[in-house]
Amino acid sequence: MKYIYALTLLLISSAAVASEAVVQERLGQYRTQGAGDFDAARGQTLWQQEHMQVKLGKQVNCASCHSANLQQAGKHMRTGKRIEPMAPSVNPDRLNDAEKIEKWFTRNCKWTWGRECTAQEKGDILTFLQSK
Amino acid sequence: MKQKKYWGILLLSGCLTLSMATLAWTEDGEGEGHERHERGFLHQAADIGPITNKAYKTECSACHFAYPAGFLPERSWVKIMNNLDDHFGENAELNDKTRLVITDYLRTHAADRLPNRFSRSMLRSVDAGATPLRISETSYFRHKHREIPARMVTGNPKVGSFSNCLSCHSGADNGSFDEHSVTIPGFRQWED
Numbered sequence: 001m002k003y004i005y006a007l008t009l010l011l012i013s014s015a016a017v018a019s020e021a022v023v024q025e026r027l028g029q030y031r032t033q034g035a036g037d038f039d040a041a042r043g044q045t046l047w048q049q050e051h052m053q054v055k056l057g058k059q060v061n062c063a064s065c066h067s068a069n070l071q072q073a074g075k076h077m078r079t080g081k082r083i084e085p086m087a088p089s090v091n092p093d094r095l096n097d098a099e100k101i102e103k104w105f106t107r108n109c110k111w112t113w114g115r116e117c118t119a120q121e122k123g124d125i126l127t128f129l130q131s132k
Numbered sequence: 001m002k003q004k005k006y007w008g009i010l011l012l013s014g015c016l017t018l019s020m021a022t023l024a025w026t027e028d029g030e031g032e033g034h035e036r037h038e039r040g041f042l043h044q045a046a047d048i049g050p051i052t053n054k055a056y057k058t059e060c061s062a063c064h065f066a067y068p069a070g071f072l073p074e075r076s077w078v079k080i081m082n083n084l085d086d087h088f089g090e091n092a093e094l095n096d097k098t099r100l101v102i103t104d105y106l107r108t109h110a111a112d113r114l115p116n117r118f119s120r121s122m123l124r125s126v127d128a129g130a131t132p133l134r135i136s137e138t139s140y141f142r143h144k145h146r147e148i149p150a151r152m153v154t155g156n157p158k159v160g161s162f163s164n165c166l167s168c169h170s171g172a173d174n175g176s177f178d179e180h181s182v183t184i185p186g187f188r189q190w191e192d
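Here it is, written out as structure tokens:
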């Protein structure tokens, strides 16, 4: 019994650590690609910046699906499907898989901004998300 | 001798399955009796069945409900999987490895491969030369949903569009689409 308890604790705490370690590893990677220091405030501005989505004919930003309050669930603006909160503090499943992070950066930057995000922008956004 | 008999029975039951699936499609609406009969009789093959591939389930349920492979022919899935960077106006691109694993799963579980009544009826409703990309635009789908007014779908914030299968078919995650277990959110239990 005690053993299960300890194991659960270990799993929970390692999940929280997982996002920190993965984000740090990503930031290191972005620096090698030419990025400088990272800034959560700049990340927030990017998160809210509106762009014209040509196929949709509407202004969109990252919060269009993820919601502006990162501790709350979002909603896919086209299908209506629930998207779990982006803040690692309330959602331990967030930002703990580098491959998943990069997959969604590629898709969502292209769709929302019409281009890929730079290493600097990705680092600023991750720093912003991780701070929530 | 014994073996001959065995094969005979197998052949006969194969023919029966085939003809009843045909009846279900051609006489749908008028042919209620046949459909009922078939459901009780061939219960095992009556469901579209749950999704059995982890990569498909994870990747293709991120933005919407993961649609059962048995609702589209193989050629449709191949076309969908070859155009993920422009997926119904969305970017759903994947790395090659994952894309091939999912394509393989969809191809081997497509409507042309599965012997259940939904897949057979679906396949029959699609022209041989056509490659539909949407389940919700096939004539089988349209026929099955023809009595549902727009106010219950596009005019219903809890549904939004016909693509949102799970909002009405609460058993859809387990591969169950039986018309007797459908509820349209905000409206009373659906009855014909």
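Residue numbers (UniProt numbering), protein chains in the order written: chain C, 1 to 132; chain Y, 1 to 192.
Glycine is no exception: its CB is placed at the ideal position from the N, C-alpha and C atoms.
Model, not experiment: these values are computed from the prediction.
Check, Outcome
"Quick one: what's glycine 74(C) bridged to in DSSP?", "Ile83(C)"
"Tell me, which residues are paired with serine 182(Y) by DSSP?", "This sequence places valine at residue 182(Y); serine is not what is there. Answer is His169(Y), bridged to valine 182(Y)."
"Could you give the distance in angstroms between the alpha-carbon of threonine 154(Y) and the alpha-carbon of leucine 56(C)?", "17 angstroms"
"Residues in the stretch 91-103 of chain Y with C-beta within 8 angstroms of chain A's C-beta atoms, listed in sequence order?", "The displayed structure is made up of protein chains C and Y, and chain A is not among them."
"Starting from glycine 34(C), find everything on chain Y with Cβ-Cβ shorter than 7 angstroms and list it in chain order.", "Simply none; closest approach about 24 angstroms."
"Give me whichever residues DSSP pairs with glutamine 130(C) in a beta bridge.", "Glutamine 130(C) is not bridged to any residue."
"In angstroms with no decimal places, state the Cα-to-Cα distance between valine 134(Y) and alanine 69(Y).", "Rather than valine, the amino acid found at residue 134(Y) in this sequence is arginine. For arginine 134(Y) and alanine 69(Y), the distance between alpha carbons rounds to 12 angstroms."
"Residue 134(C): which of Met86(C), Leu95(C), Lys81(C), Ser67(C) sits nearest, CA to CA?", "There is simply no residue 134(C) to check, as chain C begins at 1 and stops at 132 in what is shown."
"Is it buried or exposed for aspartate 124(C), if we count other Cβ within 10 angstroms and need 16 for buried?", "buried"
"Does DSSP put glutamate 93(Y) in a helix, a strand or coil?", "coil"
"Can you name the start and end residues of the alpha helix (DSSP H) that glutamine 44(C) belongs to?", "40-48"
"Within the continuous alpha helix (DSSP H) that includes lysine 55(C), where are the two ends?", "Careful: lysine 55(C) lies outside any alpha helix (DSSP H) and carries neither H nor E."
"Thinking C-alpha only, which one of Gln59(C), Cys65(C), Ser89(C), Val90(C) is nearest isoleucine 83(C)?", "Cys65(C)"
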